[in-house]
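*Asks:* Just dropping this structure here.
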Amino acid sequence: MKVVILAGGLGSRLSEETTLRPKPMVEIGGKPVLWHIMNIYAAHGFTEFIVAAGYKAEFIKEYFLNFYAINNDLSIDLATGATTIHDGNQPNWKVHIVDTGLYTQTGGRIKRLKPWLDKEETFMLTYGDGLADVDLKTLLEFHCSHGKLATVTTVRSPARFGRITFSGDMVVEFHEKPQHSEGWINGGFFVLNRRVTDYIEDDETILERDPVERLAHDEQLVGYHHKGFWSCMDTLKEKNFLEEMWNTGNAPWKIW
């Protein structure tokens, strides 16, 4: 099963870091947050990724083109230019990096990936800046059990995020970032049927607005309640918080 990671946004709220590189390449413990996210999925057996790149896509491409060398010891003969990469313990991942446009919105990026998903009845999707200790196999089982088109992992968080209202497990309303509210919010880690792409019109479509509102209206969007750890990396404060957790050996998302 393929895992789509949205990694093309401008990351303007983390401009201290993202003026130089895309947000998913900002490092936690010396490794890009994108690497952390991929390890979460790989720990549950999901090892084929489609990275929906955009802003500074070349940084992501260069990282994976040089992944083997970056993550192993090197011997370089400066007289001849010969290079030896000493084998190490490398992940058995397949990574597709697709440039989905500089200003394309979240829904539009998924729509652009449709040719990459035509053979997939179901795929996973998450954001390139969110970490969690979600049990992804249980999430997938939950998605398959209800037979709807979409499952969103919902988490508890402060009011600056959008709020999701439930009737049982069915999503009734999807509120985009209200000013004063608390409750379950969109934590990413979606499981989607490929027919969800039919709810997306074009590059300007924001997944979290019209598509999910229509899915909710059609009773095709179900929420998986995750009560464990979750954090995004929207700001420098959040980046430093995650860095501290990693450096002190208290990183709940490190399940590998």
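Per the working numbering, the sequence shown starts with residue 378, numbered consecutively.
For glycine and all other residues, C-beta sits at the position ideal for the given N, C-alpha and C.
Note that this is a predicted model, so its numbers are computed, not measured.
1) From the DSSP output, in three-state form, read off ILE417 for me.
2) Return the CA-CA distance between ASP450 and THR461, expressed in angstroms with no decimal places.
3) Roughly how many whole angstroms lie between the Cα atoms of GLU439 and MET610?
4) Checking 8 Å against the spacing of the C-beta atoms, do ALA430 and THR396 come in under that value?
5) If contact is defined by three or more beta carbon pairs under 8 Å, each pair taking one atom from either stretch, is the region 596-607 in contact with the region 492-500?
6) Span of the beta strand (DSSP E) holding ILE462?
7) With DSSP collapsed to three states, give me the class of HIS523.
8) Out of PRO492, GLY407, SER392, ILE414, which one is the CA nearest neighbour of TRP633?
9) Just checking my contact of ASN570 with GLU585 at CB under 8 Å: how many whole Å lie between their CB atoms?
10) If you draw a straight line from the alpha carbon of THR582 to that of VAL589, how long is it in whole angstroms?
11) Rounded to a whole number of angstroms, what is the C-alpha to C-alpha distance between GLU615 and GLY458?
12) Kindly indicate which three-state DSSP category GLU497 falls into: helix, strand or coil?
13) Any idea which residues DSSP pairs PRO409 with across the strands?
14) Please report the straight-line C-alpha distance between TRP561 and SER452, rounded to a whole angstrom.
15) VAL484 lies in the alpha helix (DSSP H); which residues open and close that run?
*Replies:* On the basis of the coordinates in this document:
1) On the sequence shown, residue 417 is found 40 positions in, with the first residue counted as 1. Looking at ILE417 - three-state DSSP - the assignment turns out to be helix.
2) Sequence index remark: in the sequence shown, residue 450 carries index 73 (1-based). Sequence index remark: in the sequence shown, residue 461 carries index 84 (1-based). Linking ASP450 to THR461 through their CA atoms gives a straight-line distance of about 9 Å.
3) Position 62 of the sequence shown holds residue 439. Position 233 of the sequence shown holds residue 610. Distance between the alpha carbons of GLU439 and MET610 is about 22 Å.
4) The residue you call residue 430 lines up with position 53 of the sequence shown. The residue you call residue 396 lines up with position 19 of the sequence shown. No. Outside cutoff.
5) Verdict: no, contact absent.
6) Residue numbering aside, residue 462 sits at position 85 when the sequence shown is read from its first letter. Where ILE462 is concerned, the enclosing beta strand (DSSP E) stretches over 460-462.
7) Residue numbering aside, residue 523 sits at position 146 when the sequence shown is read from its first letter. Looking at HIS523 - three-state DSSP - the assignment turns out to be helix.
8) Taking the sequence shown and counting its residues from 1, one reaches residue 633 at position 256. The candidate whose alpha carbon is nearest that of TRP633 is ILE414.
9) Within the sequence shown, the letter at position 193 stands for residue 570. Within the sequence shown, the letter at position 208 stands for residue 585. Between the beta-carbon of ASN570 and that of GLU585 there is about 18 Å, and that puts the pair past the 8 Å contact cut.
10) In the sequence shown, the residue the question calls residue 582 occupies position 205. In the sequence shown, the residue the question calls residue 589 occupies position 212. Using only the alpha carbons, I get a separation of about 11 Å.
11) Here residue 615 refers to the residue found at position 238 of the sequence shown. Here residue 458 refers to the residue found at position 81 of the sequence shown. For GLU615 and GLY458, the gap between their C-alpha atoms comes out near 42 Å.
12) As a first step, residue 497 must be located in the sequence shown, where it is residue number 120. The answer is coil: DSSP assigns GLU497 none of H, G, I, E or B.
13) Residue 409 sits at position 32 when you count from the first residue of the sequence shown. Listed as beta-bridge partners of PRO409 by DSSP are GLU404.
14) As a position in the sequence shown, residue 561 is number 184, starting the count at 1. As a position in the sequence shown, residue 452 is number 75, starting the count at 1. In this structure, the alpha-carbon of TRP561 lies about 51 Å from that of SER452.
15) Counted from its first residue, the sequence shown places residue 484 at position 107. In the sequence as displayed, the identity of residue 484 is Gly instead of Val. Per DSSP, GLY484 belongs to the alpha helix (DSSP H) from 483-489.
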